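Take a look at the structure below.
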Amino acid sequence: MPQISEKPMIRARLQRDTPWAAYALGDLADGYFEHSSWLQAGNATALIYREFPTPVLWMQGQDQDLADLAGELPREQSYILQVQPPVIPLLERRYRMAYLKPMWRMSLDLNRFQPGDTTGAVRLGPPDLAALENLYADGEAAGEAPEFFFPSMLEQAVFIGGWHGAELAAVAGTHLVSTTDHVAAIGNVYTRRCHRGQGWATRLTTALVQELLGLGMETIVLSVHQANQSAERVYQRLGFQRHCDFYEGRATL
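Residue 108 in full-length UniProt numbering sits at position 108 of the sequence shown, and the numbers go up by one each step.
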């Protein structure tokens, strides 16, 4: 299976569908690219990201090319998945699927976004780590805490918080910000349970989008569980729209 290692060639393939490939584009950056393996078959592309104990699999493509690529993936004990629906039956020929979550990838329509109320929104940084971890701990018992947060993100990404006294009431953050490709992915959004229904998610996400646009981002995406209709409505009011559906989950031998 042909591997690709030249960034310009990889970037050109990913830019065929930038909203879906946003995270993959972020992995072209130094510090991430070293953990990445890129495979191709015709118009199909696969990223295997190996920074973590279980590699992450992402795929892009259609029809027979996608099937050919899926059939030639390296044999791993397990993959963490971010794949679109046509990939699932292809992987099921070799793997068992588990914990599949149906998701929407949403992308901001720049023509629909209107700056709005950002009362209480402030930029967070490394000194706020303890307060942010305390906020996320609020959601652990209910399984609502963000799953993809590392302390280094406070320095490398963009986080907007809202304070209630000495504690954080809510936060809207990012998983990646690529100034090279002008792409950002919103994530790590959480509102403390006792502060829900007060408009924090809308105000902080509005402030975050304004910050990202000010940094020159041209594509801003986020992912939301298809069952979380209330969150989807918040994002739709801000100008986000569904781009594609996909699954998060795990494939295991």
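Just so it is clear, CB atoms sit at the ideal spot from N, CA and C, and this is done for glycine as well. Keep in mind that this is a model prediction, so the values were computed, not measured.
Taking one C-beta from the stretch 208-225 and one from the stretch 83-92 each time, how about it: are there three or more such pairs within less than 8 Å?
The stretch 208-225 vs the stretch 83-92: no contact.
For V102, which residues does DSSP report across the bridge?
The residue you call residue 102 lines up with position 102 of the sequence shown. Note that residue 102 is Pro in the sequence shown, not Val. Paired residue(s): Y247.
Three or more beta-carbon pairs under 8 Å between the stretch 196-207 and the stretch 29-37, yes or no?
They do not touch, by the three-pair rule.
If contacts are defined as beta-carbon pairs under 8 Å, then N134 and E167 qualify, I think. What distance do you get, rounded to the angstrom?
What you label residue 134 is simply residue 134 of the sequence shown in a count that begins at 1. What you label residue 167 is simply residue 167 of the sequence shown in a count that begins at 1. The pair is a contact, with the Cβ atoms about 7 Å apart (cut-off 8 Å).
Under a three-way DSSP split, which group does L132 fall into?
Within the sequence shown, the letter at position 132 stands for residue 132. Reduced to three states, the DSSP call for L132 is helix.
Counting C-beta neighbours from all protein chains within 10 Å, is the total for S152 16 or more, i.e. buried, or is it exposed?
Locating residue 152 in the sequence shown gives position 152, counting from the first residue. Per the 10 Å Cβ criterion, exposed.
For the 8 Å Cβ check, are there 3 or more pairs between the stretch 134-151 and the stretch 223-240?
With a cut-off of 8 Å, the stretch 223-240 and the stretch 134-151 do not count as touching, because too few Cβ pairs lie within range.
Using the Cα positions of K7 and I160, report the straight-line distance between them to the nearest angstrom.
Taking the first residue of the sequence shown as position 1, residue 7 is located at position 7. Taking the first residue of the sequence shown as position 1, residue 160 is located at position 160. If you take the alpha carbons of K7 and I160, they lie about 31 Å apart.
Cα separation between G165 and A227?
What you label residue 165 is simply residue 165 of the sequence shown in a count that begins at 1. What you label residue 227 is simply residue 227 of the sequence shown in a count that begins at 1. In a straight line, the C-alpha of G165 is about 33 Å away from that of A227.
In this structure, how does DSSP classify F33 when only helix, strand and coil are distinguished?
As a first step, residue 33 must be located in the sequence shown, where it is residue number 33. Reduced to three states, the DSSP call for F33 is helix.
Note down, in chain order, each residue of its chain lying with its Cβ closer than 8 Å to the Cβ of A201, except the 5 sequence neighbours on either side.
For this step, residue 201 is matched to residue 201 along the sequence shown. The answer, listed in chain order, is A170, A172, V189, T191, A231, V234.
With 16 other CB atoms within 10 Å as the buried threshold, where does G71 fall?
The count along the sequence shown starts at 1 and reaches residue 71 at position 71. G71 should be labelled exposed.
Where does L110 sit, in a helix, a strand or coil, going by DSSP?
As a working note, residue 110 is residue 110 in the sequence shown. Coil.
Going straight from the alpha carbon of P127 to that of F52, what length do you get?
Translated into the one-based positions of the sequence shown, residue 127 becomes position 127. Translated into the one-based positions of the sequence shown, residue 52 becomes position 52. Cα-Cα distance, rounded: 26 Å.
Evaluate the contact criterion for the stretch 176-188 versus the stretch 117-127: three or more CB pairs, one atom per stretch, below 8 Å.
Not touching, per the Cβ criterion.
In the UniProt domain "N-acetyltransferase" (120-253), which residue ranges form an unbroken beta strand (DSSP E) of at least 3 residues, counting only runs that do not cross its ends?
Those beta strand (DSSP E) runs which fall completely within the UniProt domain "N-acetyltransferase" (120-253) and span 3+ residues are 121-123, 160-164, 167-178, 183-191, 219-225, 240-252.
If you follow the beta strand (DSSP E) that Q84 is part of, which residue opens it and which one closes it?
Here residue 84 refers to the residue found at position 84 when the sequence shown is read from its first residue. Element bounds for Q84: n/a, residue is neither H nor E.
Give the DSSP-derived three-state secondary structure of Q60 in the structure shown.
On the sequence shown, residue 60 is found 60 positions in, with the first residue counted as 1. Q60 falls in the strand class under three-state DSSP.
Tell me the DSSP secondary structure of P14 in three-state form.
On the sequence shown, position 14 is the one that residue 14 refers to. Note that residue 14 is Leu in the sequence shown here, rather than Pro. Correct three-state label for L14: helix.
So, at 6 Å on beta carbons, what are the nonlocal neighbours of L212 in its own chain, with the 5 sequence-adjacent residues on each side left out?
The residue given as residue 212 occupies position 212 in the sequence shown. Once the five neighbours on either side are set aside, the close Cβ partners of L212 are A184, I220.
Since R96 sits in a beta bridge, which residues does DSSP pair it with?
The sequence position of residue 96 within the sequence shown is 96, counting from 1. Looking at the DSSP assignment, R96 forms a beta bridge with T252.
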